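Trainee:
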Amino acid sequence: MNPVKTIEGKAYPFGLKNVDTDVIIPAAWLKTISRSGLGKGAFEALRKEPGNLFDSAEYAGSPILIAGDNFGCGSSREHAAWALADMGIQAVIAPSFSDIFSGNAFKNGLLTVVLPQEAVDRLMEVAKTDSIHIDLENQVVTTPFQDRFTFEIDPFRKHCLLHGLDEIGLTLASSDAIAAYETRLNTEKPWLAPQMI
Amino acid sequence: MNQPRTLYQKIWDAHVVSARDDGTCLIFIDRHLVHEVTSPQAFEGLRAAGRTVRRPDLTLAVPDHNLPTTARRDASGARIPIADPESAQQLEALEANAPAFGIRYIGDADREQGIVHVVGPEQGFSLPGTTIVCGDSHTACHGGLGALAFGIGTSEVEHVLATQTLQLKQSKSMEVRVEGEVGPGVTAKDIVLHITGVLGAAGGTGYVIEYTGSAIRALSIEGRLTVSNMAIEHGARAGLCAPDEKTFAYLKGRPMAPKGADWDAAVAYWQTLKTDPGATYDKVVVIDAADIAPSVTWGTSPEDVVPITGTVPDPASFADPSKQEAAAKSLAYMGLEPGTPLREVEVQNIFIGSCTNSRIEDLRAAAAVLKGRKKAANIRWGIVVPGSGLVKSQAEAEGLDRIFIDAGLEWREPGCSACLGMNPDKVPAGERCASTSNRNFVGRQGPGARTHLVSPAMAAAAAVTGKLTDVRELIA
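Spelled out as C-alpha cells, the structure:
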C-alpha cells in the first residue's frame, strides 16, 4: 500500500447525511471479481441528475470528499471504498462514519477524517472556491484562510497509513500467539470444532 | 468475586489472542461464512501473496446473492446457464476457490444451499458464544443465537482466511430492553423496525447491542434471528440475544452442532453466557412492547418507520434541517405526499424472503394470512423465496407452497433474490414493493424501485388487498 502523509487539493462539497453504500456503489457494480474500475459506477444514481457535483468540471479529480453524518452506512461492501479510491478520492471528511466503512477505507489506504459538524460546514464553504489540506502526521485539516481543525485517529491506523503497512503481514507476525490460542481452545472447548458433513 | 460482565464482554474476553497497549486486540474467529460477492478479491489477494487459508475447517462457503431463484438444473441435472455473465463469473469463482483452498462448499444444487445467514444456524455451524464473521453486513443475524457476529469487508475476509483472526477494538455496549407483551399481528420484524425508528439509522454506531426483556425472551429463535439481523440498520455492528433453553433446543441435532458428550459440555458453557447481575452497559434504551404496532417504512432509510395506522410525515415536522431535506428527497423518490395514510398506498409487487424473513416461521406467518385468499388484481408480481433448500422442503411438506401458488404468488428457489436484486429478481422503476427484506435504500430492489419494509404477515396482507394493510384487519 502507498503511504499516506498529506493530502491536498479540491474537495467535493457533498455534505449529504446517511450516505449508504448502495448510493456510493449500487449492487449492479458488485459483480466484478477485481478491485479496479469501480470509479465509473461511483454515485451512479446521483450522476444521472444534470449538473451533479461529481461530473462537474470544477471538481473533477478532487482527492477529498466532504460528507454528512453516518457516511458509508448500509452494506459491508468494500467496493464502496474501492469505488471512491478508483475515482481518485484519497480522504473523506465527515462528522461520523459507519464502523464497517471506516474499517474498509483504512484497509485500502483511504483516510477517514472525523470532524465536528461546524468544522464540516466551514470546509463545505471553503471547498466551493479553494483547496483543503490534510496533514495526517499532525492530525490537522487546514485551509488557505487560517482555518485549522485537528482530528483524532486511532494511533495504530495512523501508523499503518503513514508507512503503508499491510495488516495481514503484521498479524502473521503473531502466528505463534494464534497457534497457542488454538491449542488452548482445543483443550478447553473441544466441542467447538464443527462436525463434518 | 469477579467483576460482573455483560454477555458481549464475556464473548470478547474469551476470544482475545493478544492485546496491544492502544486497546486493539487480535480476536480469534470461530466461524467464517463466505459467499460469492465479497470473496473473489480476497482469494485473489491470498494467491498474489502466496498465502493459504489457516483454518478451512472453520470456514463454510455458500453462494446466495447472484443465484437465480428459478430452476437451476435441467432434468438431466446439468446447470441451466445463468444469463448474466458477471453473476455466472462470481459463482464460478467461488466454485473454484472453495476446493482450491480446501473449504467446505454447499453448492447451488445442494438441498442445504440457501442464504448464508439462514444456512449457518440451520446447519448448527453458528453456535452461541462464538465469533462469526462474513463479508455481509447482515451477519449480525447469528447474534440471535447468542453469537458475536458481524459483517466485514473483503480485506477483512482475506485477513480472516489468512490468519483466522481480526484486529479489533472493543465496541461500546448498549442494552435495548423490550419489556411487555406485543399485541396481535405484531412480529419480530415489527419489533426491530420499531427499534430502528426509535434509535435512528446511526443510533447504534460504535455499539454492540444486546436485545433483552420479556418481549425478546418470548420470541422464537427465528424471531430473534430476525431482530439481530437488522442490528446494522440502526448502526450497530452486532446484535446479541442471550442463549437460553429455546436456543439449545433449536440447535440440538443440527448436522454441524456438537454431539453426545460434546453437546453436554457445550450446553454447560452456553448456560454461562448471560449478562451478570450488576454489569453495566454504556447505554440503555427501554421500549414498551405495547407501543409497537405492525410497522411499515415510508422513506429510503430503515429509520423511516411508522405504524401501519400512521400517515406519511411532513418533512417540516423533523427538527433536524438535514433530516428535513433527506425526508423531502425520500418522499420525492417514493412518490408520496405528506399526510397520506399508509393504508391507502397501493403496491404492485410483493417480496417475501431475505435473510431477515425467509425462515419457516416467516413462511407460516405469511401463509396463515394468504390461506384461502387470492392476491389483488393490481399485484403484478409476487414472489416467495425460501431462505434455504431445507426451508423449502419443510414448507412444501406443510403445504405452504400450495397456499402461495393458489393465492397467485410464485414459489421460488432459495437465495437473496429481490432483497438487493443482484439476480434477475428486481422491482421495476416507479413501482412499489411490500418487502420483508431489510433495506429500503434508493435503488436497492432495482433502479427506481420503491420499497416498503414490512413483516411477512403484513406483506401477505398487502398481497390480498393490493395496498399496504393493517394485517390485524385480516386476522381478526
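Protein sequences, first through last, are from chains A and B.
Quick note on numbering: my numbering labels position 87 of the first sequence as 87, and the sequence is numbered without any gaps.
Offset between the second sequence (1-based) and my numbering: plus 1000.
Backbone N, C-alpha and C define an ideal beta-carbon position, used for all residues, glycine too.
All of these numbers come straight from a predicted model, not from anything done at the bench.
Give the single residue among B:Ile-1383, B:Ile-1350, B:Gln-1394, B:Glu-1413 whose Cα lies nearest to the Cα of Leu-1468 of chain B.
Mentor: Considering only alpha carbons, the answer is B:Ile-1350.
Trainee: In chain B, what lies closer than 7 Å to Gly-164 of chain A by C-beta?
Mentor: Ordered by position in chain B, no residue passes the 7 Å Cβ test against Gly-164 of chain A, which lies about 14 Å from the chain.
Trainee: Give the single residue among B:Glu-1233, B:Pro-1184, B:Ile-1292 whose Cα lies nearest to the Cα of Glu-948 of chain B.
Mentor: Residue 948 of chain B cannot be examined here, being either before or after the span of chain B that is shown, 1001 to 1476.
Trainee: Three or more C-beta pairs under 8 Å: does that hold for the region 1451-1468 of chain B against the region 1297-1307 of chain B?
Mentor: Verdict: yes, contact present.
Trainee: Counting only the same chain and skipping the five closest in sequence on each side, list residues whose C-beta sits under 8 Å from that of Met-1174 of chain B.
Mentor: Cβ neighbours of Met-1174 of chain B beyond the five flanking positions: Gly-1204, Tyr-1207, Val-1208, Ile-1209, Glu-1210, Ala-1236, Tyr-1281, Asp-1282, Lys-1283, Val-1284, Val-1285.
Trainee: Nearest chain B C-beta to Pro-190 of chain A closer than 8 Å, yes or no?
Mentor: With 8 Å as the cut-off, Pro-190 of chain A counts as an interface residue toward chain B.
Trainee: Rounded to the nearest angstrom, what separates Glu-1156 of chain B and Gly-1135 of chain B at their Cα positions?
Mentor: Going by the C-alpha atoms only, they are around 8 Å apart.
Trainee: Let me confirm a value: Glu-118 of chain A is counted as buried when at least 16 other C-beta atoms fall within 10 Å, else exposed. Which label applies?
Mentor: Glu-118 of chain A should be labelled exposed.
Trainee: Is there contact between the region 1067-1077 of chain B and the region 1175-1194 of chain B, where contact requires at least three CB pairs shorter than 8 Å?
Mentor: Verdict: no, contact absent.
Trainee: With a floor of 3 residues, list each beta strand (DSSP E) that falls wholly inside the region 1063-1097 of chain B, ordered by position along the chain.
Mentor: Taking only runs of at least 3 residues, no beta strand (DSSP E) segment lies wholly in the region 1063-1097 of chain B.
Trainee: Given a cut-off of 8 Å on the beta-carbon distance, is the pair Ala-1242 of chain B and Ala-1231 of chain B in contact?
Mentor: Not a contact, by the Cβ cut-off of 8 Å.
Trainee: Out of B:Ala-1162, B:Glu-1158, B:Leu-1166, state which residue places its alpha-carbon closest to the alpha-carbon of Ala-1149 of chain B.
Mentor: With distances taken between Cα atoms, Ala-1149 of chain B lies closest to B:Leu-1166.
Trainee: Taking Lys-40 of chain A as the query, report the chain B residues whose CB atoms sit under 9 Å from its CB, ordered along the chain.
Mentor: In chain order: nothing, as chain B lies at least about 14 Å away.
Trainee: Can you tell me whether Ile-1405 of chain B is buried or exposed? The criterion is at least 16 other CB atoms within 10 Å of its CB, across all chains shown.
Mentor: It counts as exposed.
Trainee: Whose CA, out of B:Thr-1130, B:Asp-1064, B:His-1159, B:Ile-1152, lies closest to the CA of Leu-1145 of chain B?
Mentor: Minimum Cα distance to Leu-1145 of chain B is reached at B:Thr-1130.
Trainee: Closer than 7 Å, Cβ to any Cβ of chain A: which residues of the region 1286-1307 of chain B, in chain order?
Mentor: If the cut-off is 7 Å between Cβ atoms, the region 1286-1307 of chain B has Ser-1301 near chain A.
Trainee: Start and end of the beta strand (DSSP E) containing Trp-1381 of chain B?
Mentor: Here the beta strand (DSSP E) through Trp-1381 of chain B covers 1381-1384.
Trainee: Using a beta-carbon distance below 8 Å, is Lys-17 of chain A in contact with chain B?
Mentor: Cβ-Cβ to chain B under 8 Å: yes for Lys-17 of chain A.
Trainee: Please report how far the alpha carbon of Gly-39 of chain A lies from the alpha carbon of Met-124 of chain A, in whole angstroms.
Mentor: For Gly-39 of chain A and Met-124 of chain A, the distance between alpha carbons rounds to 22 Å.
Trainee: For Glu-182 of chain A and His-1035 of chain B, I'd like the C-alpha separation in whole angstroms.
Mentor: Approximately 25 Å, taken between the alpha carbons.
Trainee: Using DSSP with H/G/I as helix, E/B as strand and the rest coil, what is Val-23 of chain A?
Mentor: Looking at Val-23 of chain A - three-state DSSP - the assignment turns out to be helix.
Trainee: Cα separation between Leu-172 of chain A and Ser-98 of chain A?
Mentor: Each residue's alpha carbon lies about 27 Å from the other.
Trainee: How big is the Cα-Cα spacing for Arg-1359 of chain B and Leu-1193 of chain B?
Mentor: So the two alpha carbons sit approximately 18 Å from each other.
Trainee: Is it right to say Gln-1041 of chain B is buried, meaning 16 or more other beta carbons lie within 10 angstroms of its own, or is it exposed?
Mentor: Buried is the call here.
Trainee: Pull up the DSSP beta-bridge partners for Gly-1153 of chain B, would you.
Mentor: In DSSP, Gly-1153 of chain B forms no bridge with anything.
Trainee: Any Cβ of chain A within less than 8 Å of the Cβ of Phe-1318 of chain B?
Mentor: Taking Cβ atoms only, chain A never reaches closer than 8 Å to Phe-1318 of chain B, which makes this a no.
Trainee: Counting along the chain, where does the beta strand (DSSP E) carrying Leu-1058 of chain B start and finish?
Mentor: No beta strand (DSSP E) holds Leu-1058 of chain B; DSSP gives it neither H nor E.
Trainee: Give me the chain B residues within the contact set of Arg-77 of chain A, using Cβ-Cβ distance strictly less than 7 Å, ordered along the chain.
Mentor: By Cβ distance, chain B contributes Thr-1038.
Trainee: Listing by chain order, which chain A residues have their CB less than 8 Å from the CB of Ile-1152 of chain B?
Mentor: Within 8 Å Cβ-Cβ: Ser-76, Ile-100, Gly-103.
Trainee: Name, in chain order, the residues that DSSP records as bridge partners for Met-1422 of chain B.
Mentor: Paired residues: none, contrary to the question.
Trainee: Could you compute how far the alpha carbon of Gly-1382 of chain B sits from the alpha carbon of Leu-185 of chain A?
Mentor: Each residue's Cα considered, the two are about 48 Å apart.
Trainee: From the DSSP output, in three-state form, read off Leu-1033 of chain B for me.
Mentor: Here Leu-1033 of chain B sits in strand by DSSP.
Trainee: Can you check which of these residues, A:Ile-25, A:Asp-20, A:Glu-137, is closest to Thr-6 of chain A by C-alpha distance?
Mentor: Measuring from the Cα of Thr-6 of chain A, the nearest candidate turns out to be A:Glu-137.
Trainee: Identify every residue that forms a DSSP beta bridge with Ser-1018 of chain B.
Mentor: Per DSSP, B:Leu-1026.
Trainee: Please return the same chain residues whose Cβ sits closer than 6 Å to the Cβ of Ala-1367 of chain B, not counting the five positions on each side in sequence.
Mentor: Correct list, in chain order: Leu-1400, Ile-1403.
Trainee: For Pro-123 of chain A, name the three-state secondary structure that DSSP assigns.
Mentor: The amino acid at residue 123 of chain A is misidentified as Pro; the sequence shows Leu. DSSP places Leu-123 of chain A in helix when its eight states are reduced to three.
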